[in-house]
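Undergrad:
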Amino acid sequence: MVAPLRFVLKNLEEVIAGTLLVLMAMATLLNVVARYFFNSPVPWADEFSRYAFIWLVFVGAVVCTKQGRHISIDLVVTALPARIRPFVQILADVATAALMLIIIYYGWILTASATQPTSTLKVPQYIVYMIVPLSALLILLRTAMDIVRATRASLASGARR
Amino acid sequence: MILLMLVLMLLFFALGTPIAWSMALAASIYMAFGAHVSLQAMVQRLIGGIDTFPLLAVPFFILAGNLMNTGGITHRLVGLSRALIGHIKGGLAHVVVITNVIMAGMSGSGVADATGTGAVLIPAMKRDGYGAPFSAAIVAAAATIGPIIPPSILFVVYGSLANVSIGRLFLGGAIPGLVMGVCLIVAVYFIARIRAYPAGRRATIREFGRAVLDAALPLGMPLIILGGIVGGVTTPTEAAAAGAAYAFILGFFVYREIKLADLGRLIVESAVATAAIGIIISASQPFGWVLAFEQAPAAVVAFVRELHLSTWELLLALNLIMLVVGCFMEGLAIMVMVTPIILPLLASAGIDPLHFGVVFTLNIMIGNITPPVGMIMYVVCALGKITIAQFTKEIWPFLIALLVALGVVTFVPIVTMWLPDTVMPAR
Numbered sequence: 448m449v450a451p452l453r454f455v456l457k458n459l460e461e462v463i464a465g466t467l468l469v470l471m472a473m474a475t476l477l478n479v480v481a482r483y484f485f486n487s488p489v490p491w492a493d494e495f496s497r498y499a500f501i502w503l504v505f506v507g508a509v510v511c512t513k514q515g516r517h518i519s520i521d522l523v524v525t526a527l528p529a530r531i532r533p534f535v536q537i538l539a540d541v542a543t544a545a546l547m548l549i550i551i552y553y554g555w556i557l558t559a560s561a562t563q564p565t566s567t568l569k570v571p572q573y574i575v576y577m578i579v580p581l582s583a584l585l586i587l588l589r590t591a592m593d594i595v596r597a598t599r600a601s602l603a604s605g606a607r608r
Numbered sequence: 016m017i018l019l020m021l022v023l024m025l026l027f028f029a030l031g032t033p034i035a036w037s038m039a040l041a042a043s044i045y046m047a048f049g050a051h052v053s054l055q056a057m058v059q060r061l062i063g064g065i066d067t068f069p070l071l072a073v074p075f076f077i078l079a080g081n082l083m084n085t086g087g088i089t090h091r092l093v094g095l096s097r098a099l100i101g102h103i104k105g106g107l108a109h110v111v112v113i114t115n116v117i118m119a120g121m122s123g124s125g126v127a128d129a130t131g132t133g134a135v136l137i138p139a140m141k142r143d144g145y146g147a148p149f150s151a152a153i154v155a156a157a158a159t160i161g162p163i164i165p166p167s168i169l170f171v172v173y174g175s176l177a178n179v180s181i182g183r184l185f186l187g188g189a190i191p192g193l194v195m196g197v198c199l200i201v202a203v204y205f206i207a208r209i210r211a212y213p214a215g216r217r218a219t220i221r222e223f224g225r226a227v228l229d230a231a232l233p234l235g236m237p238l239i240i241l242g243g244i245v246g247g248v249t250t251p252t253e254a255a256a257a258g259a260a261y262a263f264i265l266g267f268f269v270y271r272e273i274k275l276a277d278l279g280r281l282i283v284e285s286a287v288a289t290a291a292i293g294i295i296i297s298a299s300q301p302f303g304w305v306l307a308f309e310q311a312p313a314a315v316v317a318f319v320r321e322l323h324l325s326t327w328e329l330l331l332a333l334n335l336i337m338l339v340v341g342c343f344m345e346g347l348a349i350m351v352m353v354t355p356i357i358l359p360l361l362a363s364a365g366i367d368p369l370h371f372g373v374v375f376t377l378n379i380m381i382g383n384i385t386p387p388v389g390m391i392m393y394v395v396c397a398l399g400k401i402t403i404a405q406f407t408k409e410i411w412p413f414l415i416a417l418l419v420a421l422g423v424v425t426f427v428p429i430v431t432m433w434l435p436d437t438v439m440p441a442r
């Protein structure tokens, strides 16, 4: 009982992203079946899938950071001498961190002010928006950890010389 | 100021900052210091950019592709192609092309097709003495057909960015995709004759029947997806979900090749791949806002008008630029950045945005197999355990073949337009 729980907690973002994908697919299919075979479309299905997709992309972006799977251009970095690569890595991470701070701050303001209900699900808009500053926070934490790690590594390699 | 933004963005790219963050950060800096608007608008655009129903087809097509590769559909298609064409000279290389043409009718991603067909066919070709670099090269070249023949993730993205009917785009890609297949078959034919590649054994009637029967259920997939969209029964998004469900039923219940333990991993993998694409589309929206604020599209139109190019010269120039940029940059990033700038230009030059969408996507796919940067190239090099240098030596005849196809599609618009105009005329 403990082992699966630990797995879920350790891979929480992955589990959420995968679950959202399945729910989106089921809602979309349910709508097709209900409309085509029973002639009564499910009114909330499209809106639910749209909002689940927003969540999926932002939660998934955290996983991309975690697994280093963001699409980026490594052409220049790999051409650099190994000695200065850690510094470039730190600069790249600082750029990411700066954007995340912007998204957390302004995303929070946006979320806090979005109290009007959505059109068919009638849930407050902030339920949808809150994932944006939240995932930015998680990405910021991981990026900060990366910066610390890269700084340590470059200090260590500097000490060896 | 706009130049400063572009320079900053390229600088972030060069540092290795993810493409999405580079675009959004450069746009934020412009919005705060150049346009003096609250960055709340930036965050709003991040969300708004992915809050569209058509884009939901992307995760479903990715999921369907992964389900097909794990669920035993891919190797049944290989079996069918082998029975069809395996017995002529260079048999397995032809099998690669035919399999990818069929796969293209079910999957929307070139990377998924390269992964699926490469995993089965590169080892088989090596066993038959084709050599790993050639095998990897033909798989990569053939996988570029995937997003041209419907369904197509890139068409979904372009259609939602350019406001072009995704159903019509899907139909528009069908004949150009077949043209690509023919060009590759011709290239393989000549290489196989020069190098005296082996031919497989001709399938007996019984074996042929067996292969057709085996592939019969997977071949229902294009019917579900295209039939749903063209028949007006489903939206492209719903058709994609139905395709994923069908691939799941085949792989899990009928063939039982997807194990419950794999299923979770496969779903998460699809979700993460979706996010990697989705976050770039999201981050391209603040960037697009800045371009619109600076009236960059109008400036581009004015600039090009000064050059007094004919439509053909313009198309040729656009192709050359996209091919060069495509060597160095990820295709999706090019698409999200270029589409908003180029649409007004198309309108003023009298180029149909549907026709251009197919040309654009074909360019992006060629960029996927040209060194030094290309996702499909990376996939096949990993599968064939070869270096990019080895790959480069073998890819050029196929590049020429695909450039011929690109030329035909670019300069003979009816190749693209005939099918959508006949089956699904624009309203």
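Chains as they are written, first to last, in the working numbering: chain E, 448 to 608; chain X, 16 to 442.
For glycine and all other residues, C-beta sits at the position ideal for the given N, C-alpha and C.
Please read all numbers here as calculations on a predicted model, not as lab measurements.
Name the chain X residues that come within less than 9 Å of Leu588/E, Cβ to Cβ?
TA: Within chain X, no residue comes near Leu588/E; the closest Cβ sits about 15 Å away, beyond 9 Å.
Undergrad: If we cut at 8 Å on Cβ distances, does Tyr576/E have a partner in chain X?
TA: Chain X, which has a Cβ nearer than 8 Å to the Cβ of Tyr576/E, makes this yes.
Undergrad: Could you give the first and the last residue of the continuous alpha helix (DSSP H) run that contains Glu284/X?
TA: 275–308 is the extent of the alpha helix (DSSP H) around Glu284/X.
Undergrad: Applying a beta-carbon distance threshold of less than 7 Å, which residues of chain X neighbour Leu522/E?
TA: Within chain X, the residues near Leu522/E are Phe343, Pro387, Val388.
Undergrad: Mind checking if Trp36/X is an interface residue toward chain E, Cβ cutoff 8 Å exclusive?
TA: Closer than 8 Å: yes.
Undergrad: Using only alpha-carbon positions, find the residue among Ala290/X, Thr354/X, Thr376/X, Phe318/X that is nearest to Arg516/E.
TA: Measuring from the Cα of Arg516/E, the nearest candidate turns out to be Ala290/X.
Undergrad: Determine the DSSP secondary structure at Lys569/E, reduced to helix, strand or coil.
TA: It is coil, neither helix nor strand.
Undergrad: Taking all protein chains shown into account, decide if Asp521/E is buried (16 or more other Cβ within 10 angstroms of its Cβ) or exposed.
TA: With fewer than 16 other Cβ atoms within 10 Å, it is exposed.
Undergrad: Could you check the C-alpha separation between Phe48/X and Met38/X for me, to the nearest Å?
TA: Phe48/X and Met38/X: Cα-Cα distance of roughly 16 Å.
Undergrad: What does a CB cutoff of less than 7 Å around Leu265/X pick up in its chain, not counting 5 residues either side in sequence?
TA: Same-chain partners within the cutoff: Gly86, Ile88, Leu232, Pro233.
Undergrad: Which parts of the region 98–175 of chain X are runs of the alpha helix (DSSP H), unbroken and 4 residues or longer, counting only runs that do not cross its ends?
TA: With a minimum length of 4 residues, the continuous alpha helix (DSSP H) runs that stay inside the region 98–175 of chain X are 106–119, 125–142, 147–158.
Undergrad: Exposed or buried, which one is Ser487/E when buried takes at least 16 other CB atoms within 10 Å?
TA: It is exposed - the Cβ of Ser487/E has fewer than 16 other Cβ atoms within 10 Å.
Undergrad: Hey, could you find the ends of the alpha helix (DSSP H) Leu261/X is sitting in?
TA: Note that residue 261/X is Tyr in the sequence shown, not Leu. Per DSSP, Tyr261/X belongs to the alpha helix (DSSP H) from 251–263.
Undergrad: Using 8 Å as the limit for Cβ to Cβ distance, is Ser519/E near chain X?
TA: It does; some Cβ of chain X falls within 8 Å.
Undergrad: Quick check on Thr165/X: buried or exposed, where buried means 16 or more other Cβ atoms within 10 Å of its Cβ?
TA: Looking at the sequence shown, residue 165/X is not Thr but Pro. Answer is buried; the Cβ neighbour count reaches 16.
Undergrad: Cβ atoms of Asp493/E and Phe68/X: under 8 Å apart, would you say?
TA: Contact: yes.
Undergrad: Along the chain, which unbroken stretches of the alpha helix (DSSP H) at least 4 residues long are found entirely within the region 482–532 of chain E?
TA: Segments of the alpha helix (DSSP H) lying fully in the region 482–532 of chain E: 492–514, 522–526.
Undergrad: Helix, strand or coil for Pro564/E? Go by DSSP, reduced to three states.
TA: Of the three classes helix, strand and coil, the one that applies to Pro564/E here is strand, per DSSP.
Undergrad: Determine, using beta carbons only, whether Gly279/X comes closer than 8 Å to chain E.
TA: Closer than 8 Å to some Cβ of chain E, the Cβ of Gly279/X qualifies, so yes.
Undergrad: I'd like the span of the alpha helix (DSSP H) that includes Ala397/X, first residue to last.
TA: Unbroken alpha helix (DSSP H) run through Ala397/X: 390–399.
Undergrad: So what's Ala539/E in DSSP terms, helix, strand or just coil?
TA: It is helical.
Undergrad: Would you mind giving the Cβ-Cβ distance between Ser124/X and Gly182/X, rounded to the nearest angstrom? I have them listed as a contact below 8 Å.
TA: Contact flag wrong, Cβ pair sits at about 19 Å.
Undergrad: Inspect the beta-carbon positions of Ile549/E and Ile501/E and report whether they are closer than 8 Å.
TA: No, these two residues do not count as a Cβ contact at 8 Å.
Undergrad: Closest by CA to Val424/X, which one among Gly372/X, Met392/X, Met439/X?
TA: Of the candidates Gly372/X, Met392/X, Met439/X, the one whose C-alpha sits nearest the C-alpha of Val424/X is Gly372/X.
Undergrad: Closer than 8 Å, CB to CB, is Met83/X near chain E or not?
TA: Cβ-Cβ to chain E under 8 Å: no for Met83/X.
Undergrad: In whole angstroms, what is the alpha-carbon distance linking Tyr576/E and Ala464/E?
TA: Roughly 16 Å separates the two Cα atoms.
Undergrad: Under 8 Å, do Ala542/E and Trp36/X count as touching if we go by C-beta distance?
TA: Going by C-beta atoms, Ala542/E is nearer than 8 Å to Trp36/X.
Undergrad: If you measure beta-carbon to beta-carbon, which residues of the region 525–536 of chain E are closer than 8 Å to chain X?
TA: Within the region 525–536 of chain E, the residues whose Cβ lies closer than 8 Å to some Cβ of chain X are Val535, Gln536, listed in chain order.
Undergrad: Check whether the Cβ atoms of Ala155/X and Val339/X lie closer than 8 Å to each other.
TA: Contact flag unset, no.
Undergrad: Considering just the uninterrupted stretch of the alpha helix (DSSP H) at Gly422/X, what are its terminal residues?
TA: From DSSP, the alpha helix (DSSP H) with Gly422/X extends over 403–426.
Undergrad: With 8 Å set as the bound, which would you pick, yes or no: does the beta-carbon of Val58/X sit closer than that to a beta-carbon of chain E?
TA: Interface residue, yes.
Undergrad: Strictly below 9 Å CB to CB, what residues from chain X border Arg453/E?
TA: Under the 9 Å cutoff, chain X gives no residues; its nearest Cβ is about 16 Å from Arg453/E.
Undergrad: Taking the alpha helix (DSSP H) that Ala230/X falls in, what are its first and last residues?
TA: Here the alpha helix (DSSP H) through Ala230/X covers 220–231.
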